[in-house]
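Each remark here refers to the structure printed beneath this line.
There are 2 protein chains.
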Amino acid sequence: MVSIKNIHSPQQEEESTFDLSAYLAGRQVQVEAALDRAIPLTYPEKIYEAMRYSVLAGGKRLRPILCLATCELTGGTLEMAMPTACALEMIHTMSLIHDDLPAMDNDDYRRGKLTNHKVYGEDIAILAGDGLLAYAFEFIAGQTQGVPAERVLQVIAKLGNAVGAAGLVGGQVVDLESEGKPDISLETLNFIHTHKTGALLESCVVCGAILAGSPAEDLQRLSRYAQNIGLAFQIVDDILDITATQEALGKTAGKDLQAQKATYPSLWGLEESERQARQLVEAAKAELASFGPKAQPLQAIADFITNRNH
Amino acid sequence: MVSIKNIHSPQQEEESTFDLSAYLAGRQVQVEAALDRAIPLTYPEKIYEAMRYSVLAGGKRLRPILCLATCELTGGTLEMAMPTACALEMIHTMSLIHDDLPAMDNDDYRRGKLTNHKVYGEDIAILAGDGLLAYAFEFIAGQTQGVPAERVLQVIAKLGNAVGAAGLVGGQVVDLESEGKPDISLETLNFIHTHKTGALLESCVVCGAILAGSPAEDLQRLSRYAQNIGLAFQIVDDILDITATQEALGKTAGKDLQAQKATYPSLWGLEESERQARQLVEAAKAELASFGPKAQPLQAIADFITNRNH
């Protein structure tokens, strides 16, 4: 560790030279290759095709990349975290497939492509989601190597919690209940987002560090980092729904407004929303101070969240 | 172990005195109490209500009972297997909730009650299934005590496999593809049932023994036992769909015929189907011989499958 620090230049200089695009692109290639290998095409092909269609439909792969980054940051290896990273993307994809269904958000496009049920039918889309969710846990339990079994169990329990009624599913329920109610409270809006998107993001970040065997206080720092970027991510999402074009988003723009959904901009206005997002990103980055220059990827990812345009 | 064997009477006598109804009733009470505790009602209540509605809607609890039985049979305790037993019922319930959806089997009744989506709406029903599936894995990983972590991981991997595209989901896909095709082959019909219902049943039986630390050859015997009763169970299900009344089934009877579904009776006729089911049950029981009188619950459950009328 010390020798690595020594050959690096001081933090300030590193920050200015760290190439996030190259970092993300490199990791993205690794994650996509691992996902491609993780879901082979076998009988009955239709369900594997449907799963692969959505899992390999592009996207930033931010969740798996965050998991890999914290595992490396806290002394683990990419190999230790790759099965969990893949599982996180499977779970995220499951939530998108089910969220797009006619009985839910009824979306026809996702990442610029037809949604799963528009291609394979609702029945297969429901099953593809179920298949991905089950496979995610099987994949972590069966494929993780070089990590004590207790840590792997901790990761599985944390992920299950993040995606179930105590997390993502619970957030979606409150989101559904809040539809057509543009006057919901900030508390409810925060509940929706800390659960619907925040819980899984937090898991990505913390699970990487659990696999590496991080002490509790590092897990707490990383958890706070993740909660802050998670909320910032959602605020920026809300802002982009108003300001970005459909082409840039790769999905229907202006949906929140149309659905009379409460959003951060609708509660705070655009300018204040942007200020809050920036503040959250600064708070997130402050949590990383004790990790030193090794935390550059996470620092840069936090910045990236507020600077992105899709 | 020896002392327990010694206070038991010889196998033949035990078989004739073993009271399966009392055994099942006792276990059922324990499983229902554990399930009730496992899913407390908390905010957002609607999703927990929906999950509880279907999980606590009765049913024979055969899956968790099989898991508990094999764990005890192979030297483990009820406590070691109870979280997995509950998880198995959560997963089974998830599959029923999603299977009943309009986009799938479109069933209004299940176990004599309105199906989940008829009460809570399709969106909540989809999410309740997702929530149960995720929680099942969280519950095993977080609640199992007194079992080495490696075995718990093995159980999670096996269960994930049984419910995903390689198991239940894959079986459902082929089942959907076979709808309206009464002329599918026996091979396809077997694929559907060994995957749609067989894989999870096999997991129930084998996971109990994995938790107890059974040697590989015992796991294989129990696996064959489970595969045989799984297929017998399905054949009897097909027979009952023709011969039983809606009242006894607690769900719409005659659905297979209506849907022009291939079934064992449609391929073999009723009489041959009954013979095959009996033969499978005998083969299942033969696998238990080496376990001696301790295997009475599993012997009796195998018999129960062919003798049931709902």
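Quick mapping for you: the protein sequence lines, in order, are chains A and B. My numbering numbers the first residue of the first sequence as 270 and each following residue consecutively. My numbering numbers the first residue of the second sequence as 270 and each following residue consecutively. Quick reminder that beta carbons are idealized off the backbone N, C-alpha and C, glycines included. All of these numbers come straight from a predicted model, not from anything done at the bench.
Contact annotation: the stretch 342 to 362 of chain B does not touch the stretch 327 to 335 of chain A, with fewer than three C-beta pairs closer than 8 Å. Where residue 482 of chain A is concerned, there is no enclosing alpha helix (DSSP H), because DSSP gives it neither an H nor an E.
In terms of CA proximity to residue 499 of chain B, B:552 leads the group B:338, B:552, B:316 and B:427. Between the alpha carbons of residue 371 of chain A and residue 540 of chain B lies a gap of roughly 44 Å. Residues of the stretch 425 to 436 of chain A with a Cβ closer than 7 Å to any Cβ of chain B, in chain order: 425, 426, 429, 430, 432, 433 and 434. Apart from sequence neighbours up to five positions away, the residues of its chain that approach residue 425 of chain B with a beta-carbon distance below 7 Å are 406, 409 and 410, ordered along the chain.
In this model, residue 336 of chain B and residue 573 of chain A are separated by some 49 Å (Cα to Cα). In the structure shown, residue 383 of chain B adopts extended strand secondary structure according to DSSP, grouped into three states.
Close partners of residue 333 of chain B in chain A (Cβ separation under 8 Å) are lacking, with about 18 Å as the shortest Cβ gap. Taking C-beta atoms under 8 Å as the contact rule, residue 399 of chain B and residue 373 of chain A fail to qualify, at a distance of about 11 Å.
For residue 444 of chain A, the enclosing alpha helix (DSSP H) starts and ends at 437 to 446. Proximity to residue 401 of chain B across A:430, A:300 and A:420 peaks at A:430, based on C-alpha coordinates. Counting every other CB atom within 10 Å of its CB across the protein chains shown gives residue 471 of chain A a total of 16 or more, marking it as buried.
Distance check between residue 509 of chain A and each of A:493, A:534, A:529 and A:487 places A:534 closest, using alpha-carbon atoms only. Spatial neighbours of residue 564 of chain A in its own chain (CB-CB distance under 7 Å, excluding positions within 5 residues in sequence) are listed in chain order as 342 and 557.
If you ignore the 5 residues before and after residue 437 of chain B, its C-beta comes within less than 7 Å of the C-beta of 364, 431, 464, 465, 468 and 469, all in its own chain and listed in chain order.
Distance check between residue 461 of chain B and each of B:306, B:481 and B:531 places B:531 closest, using alpha-carbon atoms only.
Taking a beta-carbon distance threshold of 8 Å, residue 372 of chain B counts as an interface residue toward chain A. Within the same chain, 549, 552 and 553 come within 6 Å of residue 497 of chain B by CB-CB distance, once the 5 residues on both sides are set aside. Using a Cβ distance threshold of 8 Å, residue 296 of chain B and residue 328 of chain B do not count as a contacting pair.
With fewer than 16 other CB atoms across the displayed protein chains lying within 10 angstroms of its CB, residue 449 of chain A is exposed. Contact between residue 304 of chain B and residue 473 of chain B is ruled out by a C-beta separation of about 15 Å, above the 8 Å threshold. Contacts with chain A at 8 Å (Cβ-Cβ) do not include residue 345 of chain B. Of the candidates A:546, A:555 and A:559, the residue whose Cα lies closest to the Cα of residue 576 of chain A is A:546. Taking C-beta separations shorter than 8 Å and ignoring five residues to either side along the sequence, the partners of residue 452 of chain B in its chain run 531, following chain order.
By the neighbour-count criterion, in which 16 or more other beta carbons inside 10 Å mark a residue as buried, residue 290 of chain B falls on the exposed side.
The three-state secondary structure of residue 317 of chain B, taken from DSSP, is helix. Counting the other CB atoms within 10 Å of its CB gives residue 309 of chain A a total below 16, which places it among the exposed residues. Taking the Cα positions, residue 362 of chain A is about 9 Å away from residue 326 of chain A.
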